[in-house]
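Student: Going by full-length UniProt numbering, the sequence shown opens with residue 1, and the numbers climb by one from there.
After the C-alpha coordinates below, expect a handful of questions from me.
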Amino acid sequence: MAEPTTNDWLSIAKGYFEKTQFPNTVGALDGKHIRIECPKSSGSLYYNYKHFFSLILMAICDSNYCFQIIDVGSFGKESDCNVFKTSTFGKKLYDDKLNFPPEQCLPNDELGSPQPFVLVADEAFALHKNLLRPFPDAAVIITKACCVLHNFVRRRDGFSVEDTMSSSCMESVQRRGVGNIQKNAKDVREYFVEYVNNPNHALDWQNTIIGK
1 MAEPTTNDWL
11 SIAKGYFEKT
21 QFPNTVGALD
31 GKHIRIECPK
41 SSGSLYYNYK
51 HFFSLILMAI
61 CDSNYCFQII
71 DVGSFGKESD
81 CNVFKTSTFG
91 KKLYDDKLNF
101 PPEQCLPNDE
111 LGSPQPFVLV
121 ADEAFALHKN
131 LLRPFPDAAV
141 IITKACCVLH
151 NFVRRRDGFS
161 VEDTMSSSCM
171 ESVQRRGVGN
181 IQKNAKDVRE
191 YFVEYVNNPN
201 HALDWQNTII
211 GK
(Lines of atoms letter the chains of each structure in order from A and count residues from 1; the text may use other names and numbers.)
(Lines give C-alpha, C1' and ligand atoms only; values in the text may rest on other atoms or scores of the structure.)
Protein backbone atom coordinates (compact mmCIF):
# COMPACT_ATOMS: atom_id res chain seq x y z
CA MET A 1 0.00 0.00 0.00
CA ALA A 2 1.73 3.17 -1.22
CA GLU A 3 1.94 6.08 1.18
CA PRO A 4 -0.23 9.02 0.02
CA THR A 5 1.49 11.93 -1.68
CA THR A 6 0.72 15.58 -0.96
CA ASN A 7 -1.71 15.63 -3.89
CA ASP A 8 -3.36 12.46 -2.58
CA TRP A 9 -3.94 14.12 0.80
CA LEU A 10 -5.45 17.16 -0.92
CA SER A 11 -7.83 14.89 -2.82
CA ILE A 12 -8.79 13.11 0.41
CA ALA A 13 -9.41 16.45 2.14
CA LYS A 14 -11.66 17.49 -0.75
CA GLY A 15 -13.65 14.28 -0.37
CA TYR A 16 -14.10 14.81 3.37
CA PHE A 17 -15.25 18.38 2.88
CA GLU A 18 -17.75 17.41 0.19
CA LYS A 19 -19.27 14.72 2.42
CA THR A 20 -18.98 16.23 5.89
CA GLN A 21 -18.31 19.96 5.36
CA PHE A 22 -15.42 19.64 7.81
CA PRO A 23 -12.30 21.33 6.35
CA ASN A 24 -8.64 20.34 6.09
CA THR A 25 -9.36 16.72 7.06
CA VAL A 26 -7.05 14.10 5.55
CA GLY A 27 -8.29 10.99 7.33
CA ALA A 28 -10.00 9.24 10.22
CA LEU A 29 -7.65 7.38 12.56
CA ASP A 30 -8.47 4.40 14.78
CA GLY A 31 -7.23 1.04 15.97
CA LYS A 32 -9.07 -2.29 16.06
CA HIS A 33 -8.39 -5.70 17.57
CA ILE A 34 -8.23 -8.55 15.06
CA ARG A 35 -9.11 -11.80 16.83
CA ILE A 36 -6.45 -14.54 16.45
CA GLU A 37 -5.46 -17.87 17.95
CA CYS A 38 -2.83 -17.54 20.63
CA PRO A 39 0.63 -17.75 19.00
CA LYS A 40 2.93 -20.35 20.51
CA SER A 41 5.16 -19.23 23.38
CA SER A 42 3.66 -15.70 23.31
CA GLY A 43 2.40 -15.69 26.89
CA SER A 44 0.00 -12.80 27.48
CA LEU A 45 1.44 -10.47 24.82
CA TYR A 46 -1.58 -10.85 22.54
CA TYR A 47 -4.18 -11.12 25.33
CA ASN A 48 -6.28 -7.95 25.38
CA TYR A 49 -8.51 -6.23 27.93
CA LYS A 50 -11.61 -7.84 26.38
CA HIS A 51 -10.20 -11.25 27.28
CA PHE A 52 -9.30 -12.70 23.91
CA PHE A 53 -6.12 -12.94 21.82
CA SER A 54 -5.60 -10.35 19.12
CA LEU A 55 -3.22 -8.27 17.09
CA ILE A 56 -3.92 -4.62 16.38
CA LEU A 57 -4.76 -2.96 13.09
CA MET A 58 -4.04 0.78 13.20
CA ALA A 59 -5.33 2.63 10.16
CA ILE A 60 -6.12 5.94 8.49
CA CYS A 61 -9.18 5.90 6.20
CA ASP A 62 -10.55 8.38 3.68
CA SER A 63 -14.15 9.59 3.34
CA ASN A 64 -15.03 6.48 1.30
CA TYR A 65 -13.85 4.18 4.13
CA CYS A 66 -10.82 3.10 2.08
CA PHE A 67 -7.57 2.39 3.93
CA GLN A 68 -4.82 4.88 3.13
CA ILE A 69 -2.15 3.89 5.67
CA ILE A 70 -2.11 0.83 7.92
CA ASP A 71 0.06 -0.66 10.64
CA VAL A 72 -0.61 -4.31 11.54
CA GLY A 73 0.88 -6.66 14.10
CA SER A 74 1.14 -4.85 17.43
CA PHE A 75 0.36 -6.93 20.51
CA GLY A 76 -3.28 -7.03 21.61
CA LYS A 77 -2.39 -5.83 25.11
CA GLU A 78 -1.30 -2.42 23.79
CA SER A 79 -3.46 0.73 23.76
CA ASP A 80 -4.33 2.88 20.73
CA CYS A 81 -2.07 5.72 21.76
CA ASN A 82 0.97 3.52 22.39
CA VAL A 83 0.54 1.61 19.12
CA PHE A 84 0.19 4.84 17.15
CA LYS A 85 3.23 6.47 18.75
CA THR A 86 5.44 3.49 17.91
CA SER A 87 4.03 2.83 14.43
CA THR A 88 5.96 3.95 11.36
CA PHE A 89 3.31 6.44 10.25
CA GLY A 90 2.81 7.68 13.81
CA LYS A 91 6.50 8.56 14.06
CA LYS A 92 6.31 10.25 10.66
CA LEU A 93 3.35 12.35 11.83
CA TYR A 94 5.25 13.59 14.87
CA ASP A 95 8.30 14.29 12.70
CA ASP A 96 6.24 16.14 10.04
CA LYS A 97 7.16 13.57 7.38
CA LEU A 98 3.73 12.33 6.23
CA ASN A 99 3.65 14.57 3.14
CA PHE A 100 0.72 16.58 4.48
CA PRO A 101 -0.05 19.71 2.41
CA PRO A 102 1.10 23.11 3.71
CA GLU A 103 -1.24 24.96 6.04
CA GLN A 104 -4.06 26.80 4.29
CA CYS A 105 -7.00 28.99 5.25
CA LEU A 106 -10.29 27.25 5.89
CA PRO A 107 -13.17 27.73 3.40
CA ASN A 108 -14.84 31.17 3.65
CA ASP A 109 -12.15 32.20 6.13
CA GLU A 110 -9.60 33.71 3.78
CA LEU A 111 -8.76 36.51 6.22
CA GLY A 112 -8.13 34.07 9.06
CA SER A 113 -4.99 32.17 10.02
CA PRO A 114 -3.86 29.27 7.82
CA GLN A 115 -4.49 25.95 9.58
CA PRO A 116 -2.78 22.56 9.30
CA PHE A 117 -4.36 19.53 7.68
CA VAL A 118 -5.56 17.12 10.34
CA LEU A 119 -6.54 13.57 11.12
CA VAL A 120 -9.63 13.09 13.28
CA ALA A 121 -9.64 10.50 16.07
CA ASP A 122 -11.27 9.69 19.40
CA GLU A 123 -10.15 10.39 22.96
CA ALA A 124 -7.72 7.43 22.95
CA PHE A 125 -5.19 9.51 21.01
CA ALA A 126 -3.11 12.47 22.17
CA LEU A 127 -4.01 15.85 20.72
CA HIS A 128 -1.49 17.07 18.13
CA LYS A 129 -1.44 19.94 15.66
CA ASN A 130 -2.21 17.40 12.91
CA LEU A 131 -4.56 15.23 14.99
CA LEU A 132 -7.85 16.45 16.43
CA ARG A 133 -9.67 14.60 19.21
CA PRO A 134 -12.85 15.51 21.15
CA PHE A 135 -12.81 17.54 24.34
CA PRO A 136 -12.77 14.95 27.19
CA ASP A 137 -15.29 16.88 29.29
CA ALA A 138 -17.71 17.09 26.35
CA ALA A 139 -18.19 13.31 26.12
CA VAL A 140 -21.56 13.32 27.92
CA ILE A 141 -22.92 16.20 25.82
CA ILE A 142 -21.72 14.58 22.58
CA THR A 143 -23.31 11.26 23.54
CA LYS A 144 -26.64 12.92 24.28
CA ALA A 145 -26.48 14.88 21.02
CA CYS A 146 -25.78 11.66 19.09
CA CYS A 147 -28.84 10.03 20.67
CA VAL A 148 -31.04 12.96 19.65
CA LEU A 149 -29.55 12.93 16.14
CA HIS A 150 -30.12 9.16 15.93
CA ASN A 151 -33.83 9.61 16.71
CA PHE A 152 -34.11 12.46 14.21
CA VAL A 153 -32.56 10.41 11.40
CA ARG A 154 -34.65 7.33 12.18
CA ARG A 155 -37.90 9.30 12.15
CA ARG A 156 -36.97 11.03 8.92
CA ASP A 157 -35.34 8.17 7.01
CA GLY A 158 -36.66 5.05 8.71
CA PHE A 159 -34.60 1.94 9.41
CA SER A 160 -32.43 0.01 6.98
CA VAL A 161 -31.01 -3.40 7.82
CA GLU A 162 -28.22 -2.73 5.31
CA ASP A 163 -26.94 0.04 7.61
CA THR A 164 -26.07 -2.46 10.35
CA MET A 165 -23.56 -5.24 10.85
CA SER A 166 -24.66 -8.34 12.76
CA SER A 167 -21.16 -9.26 13.90
CA SER A 168 -17.52 -8.38 13.48
CA CYS A 169 -14.14 -9.84 14.37
CA MET A 170 -12.84 -6.32 14.98
CA GLU A 171 -13.10 -4.77 18.47
CA SER A 172 -12.26 -1.29 19.69
CA VAL A 173 -8.86 -0.86 21.29
CA GLN A 174 -8.46 -0.04 24.96
CA ARG A 175 -8.45 3.63 26.01
CA ARG A 176 -5.66 4.83 28.27
CA GLY A 177 -4.16 8.12 29.32
CA VAL A 178 -2.57 10.10 26.51
CA GLY A 179 -0.18 12.33 28.44
CA ASN A 180 0.52 16.03 27.96
CA ILE A 181 -0.97 18.05 25.12
CA GLN A 182 1.07 20.54 23.12
CA LYS A 183 -0.09 24.14 23.40
CA ASN A 184 0.04 24.52 19.63
CA ALA A 185 -2.27 21.52 19.27
CA LYS A 186 -4.79 23.13 21.64
CA ASP A 187 -4.66 26.33 19.60
CA VAL A 188 -5.43 24.40 16.40
CA ARG A 189 -8.41 22.66 17.99
CA GLU A 190 -9.74 25.94 19.41
CA TYR A 191 -9.50 27.54 15.97
CA PHE A 192 -11.54 24.73 14.42
CA VAL A 193 -14.12 25.07 17.21
CA GLU A 194 -14.49 28.80 16.62
CA TYR A 195 -14.68 28.20 12.88
CA VAL A 196 -17.53 25.67 12.96
CA ASN A 197 -19.47 27.72 15.53
CA ASN A 198 -19.19 30.99 13.61
CA PRO A 199 -22.56 31.99 12.05
CA ASN A 200 -20.68 33.27 8.98
CA HIS A 201 -19.63 29.68 8.24
CA ALA A 202 -23.09 28.15 8.60
CA LEU A 203 -24.05 25.71 5.87
CA ASP A 204 -26.77 26.85 3.48
CA TRP A 205 -28.77 23.63 3.74
CA GLN A 206 -28.85 23.33 7.55
CA ASN A 207 -32.01 25.31 8.25
CA THR A 208 -33.81 23.67 5.33
CA ILE A 209 -33.06 20.18 6.64
CA ILE A 210 -33.97 21.08 10.23
CA GLY A 211 -37.27 22.58 9.06
CA LYS A 212 -38.42 19.40 7.30
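No residue lacks a Cβ here, since even glycine has one placed at the ideal position from N, Cα and C.
Here the structure is a predicted model, which is why all the values come from computation and not from measurement.
Using the three-state DSSP reduction, which class does D71 fall into: helix, strand or coil?
Tutor: In the structure shown, D71 sits in a strand (DSSP, three-state: E or B).
Student: What is the rounded straight-line gap between the Cα of C61 and the Cα of H150?
Tutor: Their backbone Cα atoms lie some 23 Å apart in a straight line.
Student: Grab me the residues of R189's own chain with a C-beta within less than 6 Å of its C-beta, minus the 5 sequence neighbours each way, in chain order.
Tutor: Contacts found: L132.
Student: Mark T6 as exposed unless 16 or more other C-beta atoms lie within 10 angstroms of its C-beta, in which case mark it buried.
Tutor: Under this definition T6 is an exposed residue.
Student: So what does H128 bridge to, in DSSP terms?
Tutor: Bridge partners of H128: L131.
Student: Please classify S11: does DSSP put it in a helix, a strand, or coil?
Tutor: Helix, per DSSP.
Student: Rank A126, Y16 and L127 by C-alpha distance to the C-alpha of C66 and give the top, closest one.
Tutor: Checking every option, the nearest Cα to that of C66 belongs to Y16.
Student: Using the beta-carbon count (16 or more within 10 Å), is G158 buried or exposed?
Tutor: G158 is exposed by the Cβ-count criterion.
Student: Of the residues D109, G90, G31 and G43, which one's Cα is nearest the Cα of N198?
Tutor: The shortest C-alpha separation from N198 is found at D109.
Student: By alpha-carbon positions, which one of G76, C105 and A145 ends up nearest to S42?
Tutor: Ranking the options by Cα distance to S42, first place goes to G76.
Student: Tell me where the beta strand (DSSP E) around L55 begins and ends.
Tutor: Start and end: S54 to C61.
Student: From the DSSP secondary-structure annotation, give me the bridge partner or partners of G76.
Tutor: DSSP lists no partner for G76.
Student: Which residue's Cα is closest to the Cα of residue 215: P4, A139 and A202?
Tutor: Nothing about residue 215 can be reported from this structure: the residues present for the chain run from 1 to 212 only.
Student: Using DSSP bridges, identify the partner residues of Y49.
Tutor: Y49 is not bridged to any residue.
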